[in-house]
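Encoded as structure tokens, the structure appears first; notes follow it.
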Amino acid sequence: MQTRGTSHLSVEEFVAAVRNSAPGAEILYATGDLAYSALGSPELHAVRANAQFCAEAKQGVLVQRRRPDLPFAGGGCCFEYLLIKARGRA
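Residue numbers (my numbering): 59 to 148.
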């Protein structure tokens, strides 16, 4: 999906990726700038909230990587947002 220049999974895609991925897997759930793009976007806000919930439930660790090699349509910086699934969780 695309929201204000940020590519991201839908909520259903994110939940399926967490459920079906192996422990230690990196789940890339968005590329762009969530702080800019989530404003006024219920779907992107929901994906971000699900990722936060997974981290708080100890299902994984959230990682944000700056990607200066990728352009961002809104100007500013581009990032990758990942959930690295906890080991020992199937």
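In this text, a Cβ means the ideal position worked out from N, Cα and C, and glycines have one as well.
(1) CB-CB under 6 Å to G82, same chain, minus the five flanking residues each way: which ones, in chain order?
(2) Using the C-alpha atoms, what's the distance from N108 back to D91?
(3) Just the Cα atoms here: how many angstroms apart are I85 and V76?
(4) Could you pull the start and end residues of the alpha helix (DSSP H) that L102 belongs to?
(5) Taking the alpha-carbon of L65 as reference, which of E101, S79, V121 and A80 has the nearest alpha-carbon?
(6) Give me the residue from R124, R123, F111 and A115 with the minimum Cα distance to V69.
(7) Would you decide whether G98 is buried or exposed? Buried here means 16 or more other CB atoms lie within 10 Å of its CB.
(8) Near P126, what residues of its chain come up, given a Cβ to Cβ distance below 8 Å and the 5 sequence neighbours on each side ignored?
Put simply:
(1) R145, listed in sequence order.
(2) 17 Å
(3) 7 Å
(4) P100 to E114
(5) It is worth fixing the name first, because residue 65 is Ser in this sequence and not Leu. Closest by alpha carbon: E101.
(6) F111
(7) Label assigned to G98: exposed.
(8) C135 and C136
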